[in-house]
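Q: Residue numbers (my numbering), protein chains in the order written: chain C, 215 to 299; chain Y, 2 to 234. Using N, Cα and C, we set each Cβ at its ideal position, and we do this for glycine too. Quick one: the structure is below, questions incoming.
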Amino acid sequence: MPTIVVDVMPKAELLDPQGKALAGALARTGHTAFAGVRIGKRFELAVDGPITDELRAEVTQLAADVFSNSVIEDVVAIHFPTDEN
Amino acid sequence: MRIGVITFPGSLDDRDAQRAVRFAGAEPVALWHGSHDLEGVDALVLPGGFSYGDYLRCGAIAALSPIMTEVIDAANKGMPVLGICNGFQMLTEAHLLDGGLIRNDHGHFVRRDQVIRVEQTNTAWTGDYEVGQEITIPLKNAEGGFIASDDTLDRLEGEGRVVFRYVDVNPNGSLRDIAGISNARGNVVGLMPHPEHAIEPGFGPDTAVAMRSGVDGLAFFTSVIHSALVAQA
Numbered sequence: 215m216p217t218i219v220v221d222v223m224p225k226a227e228l229l230d231p232q233g234k235a236l237a238g239a240l241a242r243t244g245h246t247a248f249a250g251v252r253i254g255k256r257f258e259l260a261v262d263g264p265i266t267d268e269l270r271a272e273v274t275q276l277a278a279d280v281f282s283n284s285v286i287e288d289v290v291a292i293h294f295p296t297d298e299n
Numbered sequence: 002m003r004i005g006v007i008t009f010p011g012s013l014d015d016r017d018a019q020r021a022v023r024f025a026g027a028e029p030v031a032l033w034h035g036s037h038d039l040e041g042v043d044a045l046v047l048p049g050g051f052s053y054g055d056y057l058r059c060g061a062i063a064a065l066s067p068i069m070t071e072v073i074d075a076a077n078k079g080m081p082v083l084g085i086c087n088g089f090q091m092l093t094e095a096h097l098l099d100g101g102l103i104r105n106d107h108g109h110f111v112r113r114d115q116v117i118r119v120e121q122t123n124t125a126w127t128g129d130y131e132v133g134q135e136i137t138i139p140l141k142n143a144e145g146g147f148i149a150s151d152d153t154l155d156r157l158e159g160e161g162r163v164v165f166r167y168v169d170v171n172p173n174g175s176l177r178d179i180a181g182i183s184n185a186r187g188n189v190v191g192l193m194p195h196p197e198h199a200i201e202p203g204f205g206p207d208t209a210v211a212m213r214s215g216v217d218g219l220a221f222f223t224s225v226i227h228s229a230l231v232a233q234a
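Here you go:
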């Protein structure tokens with residue numbers, strides 16, 4: 215089934231406490247190569263039918279209005295499947 | 002006066018809010034998120050809790066509930082609406098209030114009796130306080146960090162819509178120590194601390210006088226009753 219993927223990240227200028235906590239744990243366990251960690255969200259929308267322009271517009275709107283909150287997050291990517299595979 | 006308290010899946014403090022309404026002298030009306038009926042209430046409380054387990058974002062799925070259509074409509078017509086904690090998060094997600102709430106900067110859940118300063122008394126929910134009055138009510142959250150863009154923060158300050166500020170301790174990294182805000186009209190107010198947990202002697206925060214005797218939150222609920230009386234007069 216074709217899947218549309220939406221990636222959402224906390225705004226770059228905001229403190230990301232989850233990422234900060236993981237960065238601390240990585241440093242404590244000897245993984246010192248990383249200057250920072252940020253944690254975001256990935257939405258996978260399984261589509262039952264063709265991916266039309268109308269659906270693309272709907273997903274783009276949902277990504278902005280529902281999957282993310284523009285006060286605190288950015289939609290960094292929307293991946294539409296290229297073929298029916 | 003009849004004040005509706007909406008229960009969402011995962012609401013925790015709906016019964017406490019109903020009790021606070023009753024203590025203040027109004028009639029609490031239990032409302033259900035799945036309904037489209039506000040049952041003719043005069044004001045609304047969106048209570049604290051963890052609606053939908055904080056999935057997606059705190060308050061985000063609750064903000065899409067059936068009853069929120071009517072809540073948004075009523076709020077835009079001037080009905081007093083108070084959002085406490087998770088209710089505050091819902092009001093931001095529903096775009097009735099500006100800004101957003103993110104995970105506490107220190108990464109931990111926090112529960113403390115919190116001093117906040119009442120900065121504005123011209124809202125539907127704060128008329129019985131004095132400007133500058135410091136009150137102590139419980140705070141308990143993991144995602145209570147209030148954030149907004151600098152422009153939005155400046156506008157909130159300039160328009161007198163920062164209603165409460167944290168005093169002594171900023172418990173969650175909220176920008177400019179903001180604990181609660183209002184909409185432009187002053188009928189919609191949201192805050193992270195819990196006034197409904199400080200309304201009854203024996204169950205509130207400790208005070209210098211006696212353990213658990215703090216009732217500083219009760220005036221939220223008497224304020225809205227008085228503001229309704231003023232509106233009718």
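1. Under a three-way DSSP split, which group does Ser224 (chain Y) fall into?
2. Can you tell me whether DSSP reads Thr296 (chain C) as helix, strand or coil?
3. So is Arg58 (chain Y) in contact with chain C if we call contact Cβ pairs under 8 Å?
4. Buried or exposed: Leu230 (chain Y), going by 16 or more other Cβ atoms within 10 Å of its Cβ?
5. Just the Cα atoms here: how many angstroms apart are Val42 (chain Y) and Ala271 (chain C)?
6. Please confirm if the stretch 255-262 of chain C is in contact with the stretch 218-231 of chain C, defined as three or more CB-CB distances below 8 Å between the two stretches.
7. May I ask you to verify whether the stretch 38-53 of chain Y touches the stretch 7-27 of chain Y, counting CB pairs closer than 8 Å and requiring at least 3?
8. Is Ser214 (chain Y) closer than 8 Å to Gln121 (chain Y) when the C-beta atoms are compared?
9. Got a sec, what are the start and stop residues for the beta strand (DSSP E) Ile62 (chain Y) sits in?
10. Check whether the stretch 172-180 of chain Y touches the stretch 131-146 of chain Y, counting contact only when three or more Cβ pairs, one atom from each stretch, lie closer than 8 Å.
11. Strictly below 7 Å CB to CB, what residues from chain C border Ala199 (chain Y)?
12. Whose C-beta lies closer than 7 Å to the C-beta of Ala291 (chain C) among residues of the same chain, with five residues either side of it excluded?
13. Between Asp15 (chain Y) and the rest of its own chain, which residues show a CB-CB distance below 7 Å, the 5 nearest in sequence each way excluded?
14. Going residue by residue through the stretch 24-112 of chain Y, where are the continuous beta strand (DSSP E) segments of at least 3 residues, counting only ones entirely within it?
15. Which value, in whole angstroms, describes the spacing of the CA atoms of Val22 (chain Y) and Ser284 (chain C)?
16. Is the stretch 56-65 of chain Y touching the stretch 79-91 of chain Y, taking contact as three or more C-beta pairs under 8 Å?
17. Between C:Thr274, C:Pro264, C:Ala226, which lies nearest to Val251 (chain C) when the distance is taken from Cα to Cα?
18. Can you list the residues of chain C that Ile148 (chain Y) reaches, using a CB-CB cut of under 8 Å?
19. Inspect the beta-carbon positions of Thr153 (chain Y) and Asp99 (chain Y) and report whether they are closer than 8 Å.
20. Find the nearest neighbour of Thr246 (chain C) within the set C:Leu236, C:Ile253, C:Leu229, C:Gln232, judged by alpha-carbon distance.
21. Count the C-beta pairs between the stretch 76-83 of chain Y and the stretch 217-232 of chain Y that are closer than 8 Å, then say yes if the count reaches three, no if not.
22. For a contact meaning CB atoms closer than 8 Å, what does Ala61 (chain Y) contact in chain B?
23. Taking C-alpha atoms, which residue in Y:Ile4, Y:Pro67, Y:Leu192, Y:Met69 lies nearest to Ala1 (chain Y)?
24. If we ignore side chains and look at the alpha-carbon of each, how far apart do Pro231 (chain C) and Leu276 (chain C) end up?
25. Show which residues of chain Y have a CB atom less than 9 Å away from the CB atom of Ala260 (chain C).
26. Taking the beta strand (DSSP E) that Lys255 (chain C) falls in, what are its first and last residues?
27. State yes or no: is the beta carbon of Gly84 (chain Y) nearer than 8 Å to at least one beta carbon in chain C?
28. Leaving out five residues on either side along the sequence, give the residues of the same chain with a beta carbon under 7 Å from the beta carbon of Ile286 (chain C).
29. Does Ala235 (chain C) come within less than 8 Å of chain Y when only Cβ atoms are used?
30. Hey, Ile138 (chain Y) and Asp74 (chain Y): beta-carbon distance below 8 Å or not?
31. Starting from Leu228 (chain C) and walking both ways along the alpha helix (DSSP H), at which residues does that stretch end?
32. So, for Arg112 (chain Y): in the same chain, excluding its five sequence neighbours on each side, which residues have a beta-carbon less than 6 Å away from its beta-carbon?
A: In terms of the structure at hand:
1. helix
2. coil
3. yes
4. exposed
5. 39 Å
6. yes
7. yes
8. In this structure, Ser214 (chain Y) does not lie closer than 8 Å to Gln121 (chain Y) by Cβ.
9. For Ile62 (chain Y), no beta strand (DSSP E) encloses it, and the DSSP letter there is neither H nor E.
10. yes
11. Chain C residues near Ala199 (chain Y): none, gap ~28 Å exceeds 7 Å.
12. Asp221
13. Excluding residues within five positions, the ones whose Cβ falls inside 7 Å are Val6, Thr8, Pro48.
14. 28-33, 44-47, 82-85, 101-103
15. Their Cα atoms are separated by approximately 34 Å.
16. yes
17. C:Ala226
18. Leu228, Val285, Ile286, listed in chain order.
19. Yes, Cβ-Cβ distance for Thr153 (chain Y) and Asp99 (chain Y) is below 8 Å.
20. C:Leu236
21. yes
22. Considering every chain present, this structure includes no chain B. Its protein chains are C and Y.
23. The question about residue 1 (chain Y) has no answer here: the residues shown for chain Y are numbered 2 through 234.
24. 26 Å
25. In chain order: nothing, as chain Y lies at least about 18 Å away.
26. 255-260
27. By this cut-off, Gly84 (chain Y) is not an interface position.
28. Counting only Cβ-Cβ distances below 7 Å, and skipping sequence neighbours, we find Pro224, Lys225, Leu228.
29. Interface residue, yes.
30. no
31. Membership of Leu228 (chain C) in any alpha helix (DSSP H) is not indicated, and neither H nor E is assigned to it by DSSP.
32. Lys141
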